[in-house]
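Below: one structure, written as structure tokens.
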């Protein structure tokens, strides 16, 4: 039996490295993905990823039928606030799964089969706190838990009816979110952050880790490190004090990064993930310090300037200037 299904409505053009996302899903035989999209381009979908073609307006009508409140779905980016509703919206499609969840597609999956065994999942009603991956127990009650109040306030009503993005899908950006609803209503929640999540602004990869108990993010800053997908695992190799350290992550999240595709990387059995490029690797069985030292770890790109300019324009539009 499959452990979980990730539900991903995505409207617009899928990322240029979407095929790499699909390739990283394929080895995870215990997990399925459901992609609901209006991008009808040809991709090689593995057996555990199902695509449903749907236009944006059809999705809006479908979602509205499930709620008496007038939903604010003017643009697809607003879907981040609707992520906690997917188990309710698509209940008929996930009945065979013990868990369901949502994840972003600006990611490369690691070894979910190994790191998320059913013995671990079964301890919790909700797993993880950040919106780029969350899992929920698949039950009638849990799928409707987003409707529950906190101190007599119904967070979902504002989240689903406001034109603003309310960050309802994750913690770390305020308290009126799905995580708080689960905690305050006595559900078992696993909060640790197992992602490799480079900060948005620096060009260099600096992993950001969320600490639920301080409600804060802290940043690692290794000078010599590289992230690799080895065909199933997301691995970071770090050279520190002339020693090689290997760490595994559940997935890598490449938020707001325009990634280049190196030669032949779409069919690669292994590749490196550097700012901002995927490169084909001929990975040896035993990875040595000398091998890591020889790998390309950076590429000339204007990521930092592009992001800062984008934010500057967004602030001007927001302030009406």
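Numbering (full-length UniProt numbering), first residue to last: 1 to 321. Ideal Cβ placement from N, Cα and C applies to all residues, glycine included. Keep in mind the model is a prediction, meaning the values are calculated, not measured.
Counted within 10 angstroms of its Cβ, other Cβ atoms place residue i as buried (16 or more) or exposed
i	result
residue 285	exposed
residue 126	buried
residue 37	buried
residue 149	exposed
residue 233	buried
residue 328	Here the chain covers residues 1 to 321 and nothing more, so residue 328 does not appear.
residue 3	buried
residue 259	buried
residue 42	exposed
residue 327	Here the chain has residues from 1 to 321 only, and residue 327 is not among them.
residue 107	buried
residue 110	buried
residue 1	exposed
residue 201	exposed
Limits of the unbroken beta strand (DSSP E) element including residue i
i	result
residue 248	243-249
residue 205	First-last for residue 205: undefined, no H or E at that position.
residue 5	4-10
residue 37	31-37
residue 112	Segment 112-115 is the alpha helix (DSSP H) holding residue 112; no beta strand (DSSP E) there.
Span of the alpha helix (DSSP H) around residue i
i	result
residue 87	86-89
residue 263	Note, residue 263: premise wrong, no alpha helix (DSSP H); not H, not E.
residue 292	289-294
residue 18	18-25
residue 161	155-161
residue 171	It is not in any alpha helix (DSSP H) - residue 171 carries neither H nor E in the DSSP assignment.
Proximity to residue i [Cα-Cα], best of the options
i	options	result
residue 88	65, 275, 41	65
residue 276	290, 282, 257, 291	257
residue 207	185, 174, 236	236
residue 123	187, 261, 63	187
residue 190	211, 160, 201	211
residue 193	174, 202, 219	219
residue 225	31, 246, 129	246
residue 215	173, 223, 40, 134	173
Spatial distance of residue i from residue j (CA atoms)
i	j	result
residue 35	residue 7	6 Å
residue 27	residue 176	36 Å
residue 144	residue 204	40 Å
residue 138	residue 289	44 Å
residue 147	residue 44	37 Å
residue 213	residue 264	43 Å
residue 140	residue 90	12 Å
residue 292	residue 46	30 Å
Counting beta carbon pairs with one atom in the stretch 51-64 and one in the stretch 113-128, are three or more of them shorter than 8 Å?
no
Validate contact between the stretch 251-259 and the stretch 186-202 using beta carbons, cut 8 Å, 3 pairs:
yes
Mind the definition here: the stretch 156-165 touches the stretch 74-83 only if three or more C-beta pairs lie below 8 Å; say whether that holds.
yes
Would the stretch 228-244 count as touching the stretch 267-278 if we require 3 or more Cβ pairs under 8 Å?
yes
For the pair the stretch 240-248 and the stretch 169-183, tell me if three or more CB-CB distances fall below 8 Å.
no
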